[in-house]
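Only one structure is covered here, and it is reproduced in the block below.
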Amino acid sequence: MIRRGTATDGLGILRFKNGFQIKISNLVAGLGLAMAAVLLAVYSLQIGLTKTGISDFLAIFVGAELSDAKVYALIDVRLPRILVGFMVGWAVALSGAVLQSLARNPLADPGLFGFSQGSMIMIMLLLIVVPLAPKSLVALAAVAGGLCVAGLLLWLVGGGRSSGLAIVLMGIAVETVLSSFGTLLILYLPPETSLALSEWLAGSLFQANWSLIAAFLPLFFLSLAGILIAGRALPAYDLGNEMAMALGEPVARSQPMLLLFAVVLSAAAVTAVGPLMFLGILAPHIAAFLSPATGRARLVLSGLTGGILVVAADTLTRGVAVGLPMPLGLSLTIIGVPLFIIALRLQALRKFQSH
Amino acid sequence: MRHLVFSFIAAMLVTGPVWADERLVSDDTGREVLVPRQPDRVVVMHEPLLGLPLMDLGIEITGSYGRADDGSFVIAVDFIDTVLGEGRPKPRGFGPFGQPDLEKLRALEPDLIVATELDAGKLDQLATVAPVYLQNVSSAKVHGIEIQDDLAALVGLTEVFNSRKATYLERVSSLRETLPANSAGLTYLPVFLTDQLNVVGDASGMVQALEDLGFIRLNVDDTSKLAAGGGSMMLMPLSAEAFGRLNPDLLVLLNSYTEDDRGETGTRAKLDRIVPGWQQFMKPNLENRILFVDPAKVITPTLASANHMLDAFESWTLKSR
Numbered sequence: 001m002i003r004r005g006t007a008t009d010g011l012g013i014l015r016f017k018n019g020f021q022i023k024i025s026n027l028v029a030g031l032g033l034a035m036a037a038v039l040l041a042v043y044s045l046q047i048g049l050t051k052t053g054i055s056d057f058l059a060i061f062v063g064a065e066l067s068d069a070k071v072y073a074l075i076d077v078r079l080p081r082i083l084v085g086f087m088v089g090w091a092v093a094l095s096g097a098v099l100q101s102l103a104r105n106p107l108a109d110p111g112l113f114g115f116s117q118g119s120m121i122m123i124m125l126l127l128i129v130v131p132l133a134p135k136s137l138v139a140l141a142a143v144a145g146g147l148c149v150a151g152l153l154l155w156l157v158g159g160g161r162s163s164g165l166a167i168v169l170m171g172i173a174v175e176t177v178l179s180s181f182g183t184l185l186i187l188y189l190p191p192e193t194s195l196a197l198s199e200w201l202a203g204s205l206f207q208a209n210w211s212l213i214a215a216f217l218p219l220f221f222l223s224l225a226g227i228l229i230a231g232r233a234l235p236a237y238d239l240g241n242e243m244a245m246a247l248g249e250p251v252a253r254s255q256p257m258l259l260l261f262a263v264v265l266s267a268a269a270v271t272a273v274g275p276l277m278f279l280g281i282l283a284p285h286i287a288a289f290l291s292p293a294t295g296r297a298r299l300v301l302s303g304l305t306g307g308i309l310v311v312a313a314d315t316l317t318r319g320v321a322v323g324l325p326m327p328l329g330l331s332l333t334i335i336g337v338p339l340f341i342i343a344l345r346l347q348a349l350r351k352f353q354s355h
Numbered sequence: 001m002r003h004l005v006f007s008f009i010a011a012m013l014v015t016g017p018v019w020a021d022e023r024l025v026s027d028d029t030g031r032e033v034l035v036p037r038q039p040d041r042v043v044v045m046h047e048p049l050l051g052l053p054l055m056d057l058g059i060e061i062t063g064s065y066g067r068a069d070d071g072s073f074v075i076a077v078d079f080i081d082t083v084l085g086e087g088r089p090k091p092r093g094f095g096p097f098g099q100p101d102l103e104k105l106r107a108l109e110p111d112l113i114v115a116t117e118l119d120a121g122k123l124d125q126l127a128t129v130a131p132v133y134l135q136n137v138s139s140a141k142v143h144g145i146e147i148q149d150d151l152a153a154l155v156g157l158t159e160v161f162n163s164r165k166a167t168y169l170e171r172v173s174s175l176r177e178t179l180p181a182n183s184a185g186l187t188y189l190p191v192f193l194t195d196q197l198n199v200v201g202d203a204s205g206m207v208q209a210l211e212d213l214g215f216i217r218l219n220v221d222d223t224s225k226l227a228a229g230g231g232s233m234m235l236m237p238l239s240a241e242a243f244g245r246l247n248p249d250l251l252v253l254l255n256s257y258t259e260d261d262r263g264e265t266g267t268r269a270k271l272d273r274i275v276p277g278w279q280q281f282m283k284p285n286l287e288n289r290i291l292f293v294d295p296a297k298v299i300t301p302t303l304a305s306a307n308h309m310l311d312a313f314e315s316w317t318l319k320s321r
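Structure below.
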């Protein structure tokens with residue numbers, strides 16, 4: 001059924017009968033990250049004004065009577081924040097990992113390509129014109145904004161014939177223009193509208209509730225299917241477009257599809273909590289430090305890391321920084337950047353020692 | 001069957017008093033909300049624009065977004081102290097700006113949450129705690145102390161509001177009679193000094209008082225176009241160059257809340273830094289047509305702020321004679 005073997009790089013590998021194979025180091029890293037996510041969720045369930053936590057949460061399933069305050073804290077506030085935070089982090093990290101392979105650039109993420117800004121600006125324009133726009137319309141605006149930027153980017157770089165570097169450079173140009181326009185909007189809108197938009201731009205899981213989870217869940221499952229499809233193609237893109245074509249990858253068709261996958265994931269995350277800058281870079285790099293992987297394993301590890309980072313950032317905001325105005329984007333930076341620096345530093349040391 | 005009838009009667013007895021204590025109102029965004037007839041645990045999402053008007057009518061606010069857990073306010077000025085006087089109990093906070101804490105909000109046990117139309121995005125979450133009434137606060141939608149008028153109707157204090165407004169209008173009439181010249185038709189322009197110049201919006205007690213005295217707002221370019229987008233307190237930034245050319249009959253200058261000296265000396269010094277030399281060429285200054293007022297007293301859309309403005313105007317006219 002399952003055979004243990006050795007990969008070409010000498011690392012242990014598990015081979016399944018149906019041809020599926022996974023490196024043992026990736027499997028261990030994945031299980032470790034999943035365990036870390038569960039432990040973090042358990043800890044996060046305890047954070048808040050109402051004294052309650054995992055024991056009360058488990059008690060609900062055996063029919064125990066809890067006070068309304070405890071049920072509200074656990075079911076209406078904390079659990080939705082954990083679930084939405086994880087799914088959003090997963091989506092942004094996945095989007096970043098896909099874009100990094102497409103662009104063959106470790107700095108690529110939805111923010112660098114202007115996808116997040118495209119979604120943001122479309123949402124801002126919608127909220128200026130229709131302040132009470134329904135959430136479904138906001139989500140559509142975000143996807144439309146991201147897709148417009150992706151379409152513009154593909155058109156500017158010449159579609160499937162473009163190189164990764166061209167996409168990155170054009171992406172930076174588009175992102176710069178859109179960021180400037182966004183700043184202009186914030187600056188010249190009436191103060192209250194600017195303030196409301198700034199709150200959203202800073203990122204927050206305040207909106208997390210069960211209807212948002214229900215809206216995000218299909219996308220989350222779709223991303224799992226996307227990992228199966230995109231994960232097979234990405235190792236070829238890691239070698240460059242010409243090599244990918246030489247290996248039989250239909251670049252002209254699959255590149256726009258992969259871009260669309262990244263845009264939809266990024267737009268959904270922006271709609272739910274606002275833009276989470278840098279997460280698309282952070283998560284894949286930290287995941288790569290934990291276990292260097294390619295293809296599907298890289299996407300899964302990146303997604304898990306992204307999810308953990310956002311839940312940890314929200315826990316920091318709710319637990320440690322009580323009373324301090326600390327938006328999600330800031331706490332994410334406080335947690336993620338030191339980890340990022342440590343990971344890069346240790347990676348550099350590892351390389352230095354191996355030579 | 002008999003069991004069903006008893007259950008129905010019991011249900012009617014339980015729900016009957018709730019119907020009597022609540023009423024269906026339509027908020028400023030057109031939503032229908034079931035609110036208590038006389039709410040006694042009100043939480044506001046904007047203290048100067050929503051909390052102060054209610055407190056001015058005698059309602060003690062239970063919670064206010066932006067206050068800390070200990071009751072201290074998020075900015076340098078505590079409007080409750082400056083507008084209504086010191087010594088009043090302060091509402092409790094439920095999370096810093098940008099991060100309302102739903103658990104803390106629920107712990108305050110509000111029976112009504114009053115929010116601005118710009119809080120519409122937070123509506124779903126706030127409504128899990130208590131009924132939410134959205135009140136317009138943007139300049140394009142409300143004027144003077146209309147916010148207080150609206151909120152008085154919401155909490156069933158219209159008579160209190162009308163009675164206080166009648167007293168205020170009597171004071172306006174008597175003040176108009178004492179003015180050396182009829183102020184009707186004269187123009188005014190309120191300018192708030194931060195690190196730039198800002199024309200102040202229409203929703204404040206200051207604007208109410210000035211317009212009740214007969215002044216008309218000076219039209220600065222096309223402020224009306226900008227106002228259409230919103231903006232309750234600050235209407236639009238004003239360039240130093242454009243400011244220097246203006247000549248309203250009454251220029252009202254307000255120094256930033258962050259400044260300790262919000263009187264004439266501090267305000268003049270601040271304006272010197274933004275528009276150097278203005279005292280030498282601006283006509284309102286040369287002809288002594290500038291009124292320096294403390295924004296912390298007059299900027300809220302309340303009768304109390306309107307009365308503070310009348311105080312400031314009265315002492316200025318006495319000094320000018």
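These protein sequences, in sequence, are chains A and B.
Counting from 1, position 79 in the first sequence corresponds to residue 79 in this note's numbering; the numbering is continuous, with no gaps.
Counting from 1, position 100 in the second sequence corresponds to residue 100 in this note's numbering; the numbering is continuous, with no gaps.
Glycine included, every Cβ here is placed at the ideal spot set by N, Cα and C.
One or two residues paired with residue i in a DSSP bridge
i, result
"glutamate 22 of chain B", "B/Pro36"
"leucine 254 of chain B", "B/Phe192 and B/Val293"
"leucine 115 of chain B", "Checking the sequence shown, residue 115 of chain B turns out to be alanine, not leucine. In the DSSP output, where bridge partners are listed per residue, alanine 115 of chain B has B/Leu134."
"lysine 351 of chain A", "DSSP output for lysine 351 of chain A lists no bridge partner at all."
"leucine 238 of chain B", "B/Leu197"
"phenylalanine 16 of chain A", "A/Ile2"
Straight-line Cα distance separating residue j from residue i
i, j, result
"glutamine 117 of chain A", "leucine 178 of chain A", "6 Å"
"leucine 79 of chain A", "arginine 67 of chain B", "26 Å"
"glycine 336 of chain A", "methionine 277 of chain A", "11 Å"
"serine 101 of chain A", "alanine 312 of chain A", "26 Å"
"glycine 295 of chain A", "leucine 234 of chain A", "6 Å"
"valine 84 of chain A", "glutamate 47 of chain B", "30 Å"
"leucine 186 of chain B", "leucine 210 of chain B", "10 Å"
"phenylalanine 20 of chain A", "leucine 134 of chain B", "56 Å"
"leucine 349 of chain A", "valine 310 of chain A", "28 Å"
"tryptophan 207 of chain A", "valine 298 of chain B", "Note that residue 207 of chain A is glutamine in the sequence shown here, rather than tryptophan. About 35 Å."
"threonine 302 of chain B", "valine 200 of chain B", "16 Å"
"phenylalanine 216 of chain A", "leucine 224 of chain A", "13 Å"
"asparagine 18 of chain A", "methionine 1 of chain A", "9 Å"
"alanine 262 of chain A", "glycine 98 of chain B", "28 Å"
"alanine 187 of chain A", "serine 194 of chain A", "According to the sequence as given, residue 187 of chain A is leucine; it is not alanine. Cα to Cα, leucine 187 of chain A sits roughly 7 Å from serine 194 of chain A."
"glycine 48 of chain A", "lysine 104 of chain B", "9 Å"
"isoleucine 75 of chain A", "isoleucine 286 of chain A", "31 Å"
"serine 315 of chain B", "leucine 123 of chain B", "44 Å"
"aspartate 358 of chain A", "methionine 309 of chain B", "The question about residue 358 of chain A has no answer here: the residues shown for chain A are numbered 1 through 355."
"valine 98 of chain A", "methionine 206 of chain B", "57 Å"
"alanine 69 of chain A", "phenylalanine 57 of chain A", "13 Å"
Three-state secondary structure assigned by DSSP to residue i
i, result
"tyrosine 65 of chain B", "coil"
"threonine 8 of chain A", "coil"
"leucine 94 of chain A", "helix"
"leucine 74 of chain A", "helix"
"threonine 302 of chain B", "coil"
"glutamine 100 of chain A", "helix"
"threonine 294 of chain A", "coil"
"arginine 262 of chain B", "coil"
"arginine 41 of chain B", "coil"
Of the listed residues the options, nearest to residue i (C-alpha basis)
i, options, result
"valine 168 of chain A", "A/Ala150, A/Leu260 and A/Ser180", "A/Ala150"
"isoleucine 172 of chain A", "A/Leu197, A/Ala230, A/Phe216 and A/Gly111", "A/Gly111"
"aspartate 21 of chain B", "B/Thr300, B/Ser163 and B/Leu112", "B/Leu112"
"alanine 140 of chain B", "B/Asp202, B/Glu159 and B/Pro190", "B/Asp202"
"alanine 242 of chain B", "B/Gln196, B/Pro39, B/Glu109 and B/Leu210", "B/Gln196"
"leucine 246 of chain B", "B/Glu159, B/Tyr188 and B/Leu310", "B/Tyr188"
"valine 28 of chain A", "A/Leu147, A/Val42 and A/Leu11", "A/Leu11"
"glycine 89 of chain A", "A/Ile341, A/Leu290 and A/Thr271", "A/Thr271"
"alanine 297 of chain A", "A/Leu201, A/Ala214 and A/Ile22", "A/Ile22"
Beta carbon proximity, residue i to chain E, threshold 8 Å
i, result
"glutamate 259 of chain B", "The structure shown has no chain E; the protein chains it does contain are A and B."
- For the stretch 46-62 of chain A, enumerate the residues whose C-beta is nearer than 8 Å to any C-beta of chain B, in chain order. Gly48, Leu49 and Thr50
- Of the residues that make up the stretch 119-131 of chain B, which ones have a beta carbon closer than 8 Å to any beta carbon in chain A? Asp119, Ala120, Gly121, Lys122, Asp124, Gln125 and Thr128
- Task: Determine which residues of the stretch 99-110 of chain B have a Cβ less than 9 Å from any Cβ of chain A, and write them out in chain order.
- Result: Gln99, Pro100, Asp101, Leu102, Glu103, Lys104, Arg106 and Ala107
- Query: At a Cβ cut of 8 Å, what residues of the stretch 53-87 of chain B count as close to chain A, listed as they run along the chain?
  - Reply: Ala68 and Asp69
- Query: Relative to chain B, which residues along the stretch 202-235 of chain A have a C-beta separation below 7 Å, given in chain order?
  - Reply: Ala202, Ser204, Phe206, Gln207 and Asn209
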